[in-house]
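Working notes for the structure below.
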Amino acid sequence: MQTTPALARLGTESAFSVLARAAELQAAGRDIVNLGIGQPDFPTPENIVEAGVKALRDGHHGYTPAKGIAPLREAVAADIAARRGVEVDPGRILIMPGGKPTMFFAISMVGQPGAEIVYPDPGFPIYRSMIGYSGATPVPVSPREEDGFGYRAADILDRITPRTRLLILNSPNNPTGGVMTRAETDALVAGLEDWPEVAVLSDEIYSRMLYDGRDHVSLLGYPSLADRLIVLDGWSKTYAMTGWRLGYSVWPEALVDAAERLCVNNHSCVNAATQYAGIEALTGPQDAVDAMMAAFARRRRLIVDLLNAVPGVRCPEPGGAFYVFPNIEGTGMNGRDLQVRLLEEAGVAAIAGSSFGDTAEGNIRFSYANSEENIRTAIDRMRGLLA
Ligand code: PLP
């Protein structure tokens, strides 16, 4: 069979292969602590589950509009107004099957041979994968460890050329937990005024996951970007709904029809009951989210302290998300070797930094979406392995 060269350029997300290997070892009777996969260890809150069940019982079994049901798009607009202080017309909001399809759509709309796309490295691996698939040239930009992995505007603006068609941002960031400050974001947006041809994809999927009183700085708050900004967010992380497949994106007016056509061609619509559950998530009580974030805050302190006490390991305290991204070069191992040995010999799943780009071979990502007891066990085992 002859397939396209583009297919050979498509990458993957190794968290899924580590998850599969961890499950295999578990099935063979091994005790595995999983700090690999990026999903909350909490169940979806009961009120949201009930709303999904009720929607099924009420007969919501058919297609919905490709953009998503109107009450959900209105609930998203109200949530954006309340949390980001910005009025967005629900007509510009598309309900998507998770966060990922927005990346796929946005990158395929502007990515083509000759175009450059600036993206975070280390970063969510699907950005790099999709840029390669589109034929565009990937242009990585990296944060600095001494800034707690927050991006500097100047580092990003340095990468932009007359061929740049898209800039991808992700704050709070996966895999580093880094957060871009308001001052750096202001400077970036000011610099982008010189580059009106550059569209921006702001992946804000961790917008509710910030620590120590930090505010979320949404790119939606900058009117000068309104006609070229795509914002990605969703329910997966905030409401522990990764398996429901529910996300949304805000599109500039000029791209709404194209994005809707891509939905029609790709998935028709998100399943109806999930959309009703999404309304309850946004409009119902938020205490489960608050409780989950309080647990993550405690675990973050714990894992950072435990890691910094391991010889050869240096771990900045992340400002957001639920990942730490320690530098482990001092152990004499790279991230890939440590990932394999941690899983196979010590029964701890984590993801090598090299899975998130070319600039982080000396790092490894731990997700602290696991109990304090399991976090202690995992880092004890790592210490034992390295001793
Ligand atoms: N964006 C980032 C930065 C992520 O880390 C993830 C998931 O890990 C996603 C998007 C994808 O989210 P979803 O599972 O809703 O597709």
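According to my numbering, the sequence shown is numbered sequentially starting from 14. The C-beta atom is built at its ideal place from N, Cα and C for all residues, glycine as well.
Query, Result
"Through-space distance from Gly161 to Pro329, alpha-carbon basis", "6 Å"
"Near ligand 2: Gly247 beta-carbon under 6 Å from a heavy atom", "Absent from the structure shown: ligand 2. Ligands present: ligand 1."
"Backbone secondary structure at Gly161 - three-state DSSP", "coil"
"With 16 other Cβ atoms within 10 Å as the buried cut-off, status of Gln15", "exposed"
"When Gly145, Glu206, Arg241 are compared against Pro18, the one with the closest alpha-carbon", "Gly145"
"Expected contact under 8 Å - CB spacing of Arg105 and Val263 to nearest Å", "6 Å"
"Residue burial classification, Gln125 (beta-carbon count within 10 angstroms, cutoff 16)", "exposed"
"Local Cβ density within 10 Å of Thr344, reported as buried at 16 or more and exposed below that", "buried"
"Identified DSSP bridge partners for Ala365", "Ile377"
"Cutoff 8 Å; reference Gly332; Cβ partners in own chain excluding five residues on either side", "Gly161, Gly163, Pro185, Gly190, Gly191, Val192, Leu223, Tyr224, Asp225, Arg227"
"Ala149 in three-state terms, based on DSSP", "coil"
"Local conformation of Asp246 per DSSP, three classes", "strand"
"Three-way DSSP call (helix, strand, coil) for Thr177 in this model", "strand"
"Segment contact, 8 Å Cβ cut-off, at least three pairs: the segment 269-285 with the segment 53-62", "no"
"Close beta carbons around Glu197, own chain, < 7 Å, minus the five adjacent residues each side", "Gly163, Tyr164, Arg165, Ala166"
"Backbone secondary structure at Val101 - three-state DSSP", "coil"
"Span of the alpha helix (DSSP H) around Ser121", "113-123"
"The segment 32-39 touching the segment 245-264, judged by at least three CB pairs closer than 8 Å", "no"
"Contacts around Cys282, its chain only, beta-carbon distance under 6 Å, and the 5 residues preceding and following it disregarded", "Tyr76, Thr77, Ala79"
"Asn183: CB within 6 Å of a non-hydrogen atom of ligand 1", "yes"
"Cut-off 6 Å between Cβ atoms - residues of its own chain near Leu399, not counting five sequence neighbours on either side", "Thr344"
"Residue burial classification, Asn47 (beta-carbon count within 10 angstroms, cutoff 16)", "buried"
"Within 7 Å, strictly: CB atoms of Glu293 and Ala64", "yes"
"Simplified DSSP assignment, three categories, for Leu107", "strand"
"Span of the beta strand (DSSP E), counted from its first residue to its last, around Gly260", "260-263"
"Distance, Ile218 Cα to Ala304 Cα", "18 Å"
"First and last residue of the uninterrupted alpha helix (DSSP H) at Tyr132", "Tyr132 -> not in any alpha helix (DSSP H); beta strand (DSSP E) instead, spanning 129-133."
"Beta-bridge partners of Arg227, as assigned by DSSP", "Partner(s): none; Arg227 has no beta bridge."
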